[in-house]
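*Asks:*
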Ligand code: OFO
């Protein structure tokens, strides 16, 4: 008998779907950016896509440890076309908010059900989402400051590239600890 309730299993399976959709969504954005010549933004979204896959796999592993067979849901096609990079980051922020809400729902239900194991497992996701949302907010703020004038795309791409390099370096330093 699995140690997880039907409700929690269903929410974790949905979370697998959200994380894998996010991974595909970022992959689609990476190649939209590639087509626009925004190489810094492409690298940002490629890294982000890999991270979301890791988020998804962590849930598989957790469910398996708890004696549950995780679902592998089919993923909806992410949008392929965007008007401008400003809209892209706004959509990314909305996407991350949805994921945050879904994570909070798992926390809410596992609290109600005294499922301390899932509560403990979800703590990592809460901090991860807080960090991701902060990064996207930061990018949206920078984009507003840069504005939409002549060379704005060049500067937006450079800023995103700089931020991405800093994230990769920080993750490398964490991994080395
Ligand atoms: Fe940013 O979505 Fe994963 O957790």
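Numbering (the working numbering), first residue to last: 2 to 178. Backbone N, C-alpha and C define an ideal beta-carbon position, used for all residues, glycine too.
(1) Is the distance from the Cβ of residue 20 to the Cβ of residue 70 below 9 Å?
(2) Are residue 83 and residue 122 close, meaning C-beta to C-beta below 9 Å?
(3) Check this for me: beta carbons of residue 50 and residue 25, under 9 Å apart or not?
(4) Can you give the Cα-Cα distance for residue 72 and residue 58, rounded to whole angstroms?
(5) Specify, as a first and last residue, the run of the alpha helix (DSSP H) that residue 72 falls within.
(6) So, using beta-carbon positions, are residue 195 and residue 90 closer together than 9 Å?
(7) On the DSSP letters alone, give me the boundaries of the alpha helix (DSSP H) that residue 106 sits inside.
(8) Is residue 20 close to ligand 1? I mean its beta-carbon at under 8 Å from any heavy atom of the ligand.
(9) If we count Cβ pairs, one from each stretch, closer than 8 Å, do we get three or more for the region 150-158 versus the region 120-137?
(10) Just how far apart, CA to CA, sit residue 34 and residue 23?
(11) How many whole angstroms separate the CB atoms of residue 142 and residue 42, which I take to be in contact at a CB cut-off of 8 Å?
(12) Please look up how many angstroms separate the CB atoms of residue 76 and residue 16, rounded, as I've assumed it's under 8 Å.
(13) Among the candidates 112, 124, 68, 30, whose CA atom is the shortest distance from the CA of residue 87?
(14) Mapping DSSP to helix, strand and coil, what is residue 116?
(15) Leaving out the 5 sequence neighbours to the left and right, which residues in its chain are closer than 6 Å to residue 38 when beta-carbon positions are compared?
*Replies:* Taking the structure as given:
(1) Numbered from 1 along the chain shown, position 19 holds the residue referred to as residue 20. Numbered from 1 along the chain shown, position 69 holds the residue referred to as residue 70. Against a cut-off of 9 Å, the Cβ pair of residue 70 and residue 20 comes out as no contact.
(2) Translated into the one-based positions of the chain shown, residue 83 becomes position 82. Translated into the one-based positions of the chain shown, residue 122 becomes position 121. For residue 83 and residue 122, no; Cβs fall outside 9 Å.
(3) By one-based count along the chain shown, residue 50 stands at place 49. By one-based count along the chain shown, residue 25 stands at place 24. Yes, Cβ-Cβ distance for residue 50 and residue 25 is below 9 Å.
(4) In the chain shown, counting from the first residue as 1, residue 72 sits at position 71. In the chain shown, counting from the first residue as 1, residue 58 sits at position 57. Approximately 12 Å, taken between the alpha carbons.
(5) Counted from its first residue, the chain shown places residue 72 at position 71. Segment: none, residue 72 is in no alpha helix (DSSP H) and carries neither H nor E.
(6) The structure shown does not extend to residue 195, since the chain is modelled only from 2 to 178, so the question has no answer here.
(7) Start at 1 with the first residue of the chain shown, and residue 106 comes out as number 105. Start and end: 86-113.
(8) If you number the chain shown from 1, residue 20 lands on position 19. Indeed, a heavy atom of ligand 1 lies less than 8 Å from the Cβ.
(9) no
(10) What you label residue 34 is simply residue 33 of the chain shown in a count that begins at 1. What you label residue 23 is simply residue 22 of the chain shown in a count that begins at 1. Their backbone Cα atoms lie some 16 Å apart in a straight line.
(11) Translated into the one-based positions of the chain shown, residue 142 becomes position 141. Translated into the one-based positions of the chain shown, residue 42 becomes position 41. Wrong, their Cβ atoms sit about 16 Å apart, outside the cutoff.
(12) For the purposes of this step, residue 76 is identified with residue 75 of the chain shown, where counting begins at 1. For the purposes of this step, residue 16 is identified with residue 15 of the chain shown, where counting begins at 1. Not quite, the Cβ-Cβ distance comes to about 13 Å (not below 8 Å), so this is no contact.
(13) For the purposes of this step, residue 87 is taken as residue 86 along the chain shown, with counting starting at 1. Comparing Cα positions, the closest option is 30.
(14) Stepping through the chain shown from its first residue, residue 116 is reached at position 115. If DSSP states are grouped into helix, strand and coil, residue 116 belongs with coil.
(15) Translated into the one-based positions of the chain shown, residue 38 becomes position 37. None.
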